[in-house]
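**Student:** Start counting the sequence shown at 3; every next residue gets the next number (this note's numbering). Glycine included, each C-beta is placed from N, C-alpha and C at the ideal position.
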Amino acid sequence: MYFNPDTLAFVDGEFVKADQAQVSSYAQSLHYGYAVFEGIRSYATPAGTQIFKAKEHYERLQYSCKSVGLPLSYSIEEMTEITYRLLELNNLSDAYIRPLVYAGTPNMTLKHASTSNLMIAVWDWGKYLGDQCLRLSISPYQRPNPNAVPIEAKVSGHYVNSIIASSEARNRGFDEALLLDMNGFVAEGPGANFFFEKDGELFTAPPGSILRGITRNTIIDLAREAGINVTEKFFTPDELQGATGAFFTGTAAEVIGITSIDDLVFSTPYQDTLGHVLAERYHALVTGQSVARSQSLEVKV
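This is how it looks when you write it as structure tokens:
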């Protein structure tokens, strides 16, 4: 589903057949999860193919590299240009984009890498969590301690936690997990930020033990522009009582509604919630149907 015999990927300065890209079995990233990545989307718009917030995503990629000591020799502008060219070569407009910076040189030590590799892949990928509202369960697994790892860096190894939490929830019959932080506050999903609605306002976890998602930030901007109050605060699962709705946000998932968390069922149908309103505004923004003051669209002309 990610590539076919004709798909091209960018690997270390070249556009190569995706099924021919290789990495050493002794690569440090393969053994230790020592790599960083981004998830980005492009959309077909009236102005042509647009990568949504390319600058912000590649800035975060740079930050992630710096946080774990991975060198990155490409500039934001270079990576953006490469990505547009890759989309063109693969004849894609609506696409998911996966840049990965990894340590591909054989190295079994635990020292920072002195060199890195850059791979960028693109493929046609629908919403990661689908279009149907989700049933969540609070996970027995916590988000990583921010004093143990740079939690706001998008590090590949962090997502072992996500895989375990998501799989555990699905094995119990739920659609996805909701993770708490080390202090028992609600943090986020395995791959998406969490919002809930109460008394006409939105609430979401503050920076600290979450990845500050670019979609999350966009939704906050759209909500505030629409006159919706958004509060970033620490909250326990008990504080979800009385909430009328909830939703996840993320580049892969976009915006998706949540109907329940364990035994708590939200009282308002998702189509009548603020989350649904913001999902429609988000879709209009990324597809070029509307213009928001806070947008940052990289446009290829």
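Go to residue 30, then tell me how far its alpha helix (DSSP H) extends in each direction, as first and last residue.
**Tutor:** Taking the first residue of the sequence shown as 1, we reach residue 30 at position 28. From DSSP, the alpha helix (DSSP H) with residue 30 extends over 30-34.
**Student:** Verify whether the separation of the beta carbon atoms of residue 82 and residue 122 is less than 8 Å.
**Tutor:** Numbered from its first residue, the sequence shown carries residue 82 at position 80. Numbered from its first residue, the sequence shown carries residue 122 at position 120. Result no, Cβ atoms of residue 82 and residue 122 do not sit closer than 8 Å.
**Student:** By Cβ distance, which residues of its chain are closer than 6 Å to residue 217, with the 5 residues on each side in sequence left out?
**Tutor:** Counted from its first residue, the sequence shown places residue 217 at position 215. 251, 252, 253, listed in sequence order.
**Student:** With distances taken between CB atoms, is the gap from residue 189 to residue 204 smaller than 8 Å?
**Tutor:** The residue labelled residue 189 in the question sits at position 187 within the sequence shown. The residue labelled residue 204 in the question sits at position 202 within the sequence shown. No, these two residues do not count as a Cβ contact at 8 Å.
**Student:** Starting from the Cα of residue 98, find the closest Cα among 201, 221, 5 and give me that residue.
**Tutor:** Counting from one through the sequence shown, the residue named residue 98 turns up at place 96. Checking every option, the nearest Cα to that of residue 98 belongs to 5.
**Student:** In three-state DSSP terms, what is residue 108?
**Tutor:** As a working mapping, residue 108 is identified with position 106 in the sequence shown. The answer is strand: DSSP assigns residue 108 an E or B state.
**Student:** Do the segment 44-58 and the segment 139-146 make contact, defined as three or more Cβ pairs closer than 8 Å?
**Tutor:** No contact exists between the segment 44-58 and the segment 139-146.
**Student:** Residues in the same chain with beta-carbon distance under 6 Å from residue 262, minus the five sequence neighbours each way, listed in chain order, please.
**Tutor:** If you number the sequence shown from 1, residue 262 lands on position 260. Only 137 meet the Cβ criterion.
**Student:** Just how far apart, CA to CA, sit residue 38 and residue 103?
**Tutor:** For this step, residue 38 is matched to residue 36 along the sequence shown. For this step, residue 103 is matched to residue 101 along the sequence shown. For residue 38 and residue 103, the distance between alpha carbons rounds to 5 Å.
**Student:** Let me make sure I understand the geometry here. Which of 154, 71, 72 has the alpha-carbon closest to that of residue 62?
**Tutor:** Stepping through the sequence shown from its first residue, residue 62 is reached at position 60. Checked all of 154, 71, 72; the closest Cα to residue 62 is 154.
**Student:** As a quick exercise: from 222, 289, 14, 288, pick the residue whose alpha carbon is nearest that of residue 276.
**Tutor:** Locating residue 276 in the sequence shown gives position 274, where the first residue counts as 1. Closest option to residue 276, Cα to Cα, is 222.
**Student:** Could you spell out the range, first to last residue, of the beta strand (DSSP E) harbouring residue 60?
**Tutor:** Here the question's residue 60 lines up with position 58 in the sequence shown. Unbroken run through residue 60 is the alpha helix (DSSP H), 56-70; no beta strand (DSSP E).
**Student:** Looking at the C-beta of residue 118, does it have a partner C-beta in chain D at a distance below 8 Å?
**Tutor:** Given the protein chain composition of this structure (a single chain), no chain D is represented.
**Student:** Identify every run of the alpha helix (DSSP H) within the segment 228-300, keeping only runs that are complete inside it and at least 4 residues long; order them along the chain.
**Tutor:** Whole alpha helix (DSSP H) segments, 4+ residues: 276-288.
**Student:** Out of curiosity, what's the CA-to-CA distance linking residue 229 and residue 28?
**Tutor:** Position 227 of the sequence shown, counted from the first residue, corresponds to residue 229. Position 26 of the sequence shown, counted from the first residue, corresponds to residue 28. In a straight line, the C-alpha of residue 229 is about 53 Å away from that of residue 28.
**Student:** Who pairs with residue 123 in a beta bridge, going by DSSP?
**Tutor:** By one-based count along the sequence shown, residue 123 stands at place 121. 100.
**Student:** Would you call residue 202 buried or exposed, if buried means 16 or more other Cβ atoms sit within 10 Å of its Cβ?
**Tutor:** In the sequence shown, residue 202 corresponds to position 200, counting from 1. Residue 202 should be labelled exposed.
**Student:** Based on Cα-Cα distance, which residue from 119, 269, 212 lies nearest to residue 13?
**Tutor:** The count along the sequence shown starts at 1 and reaches residue 13 at position 11. Among 119, 269, 212, the Cα nearest to that of residue 13 is on 119.
**Student:** Take residue 108 and list the residues in its own chain whose beta-carbon comes closer than 7 Å to its own, dropping the five residues that flank it on each side.
**Tutor:** For the purposes of this step, residue 108 is identified with residue 106 of the sequence shown, where counting begins at 1. Result list for residue 108: 26, 28, 29, in chain order.
**Student:** Going by C-alpha distance, which of 128, 186, 266, 41 is nearest residue 246?
**Tutor:** Start at 1 with the first residue of the sequence shown, and residue 246 comes out as number 244. Closest option to residue 246, Cα to Cα, is 266.
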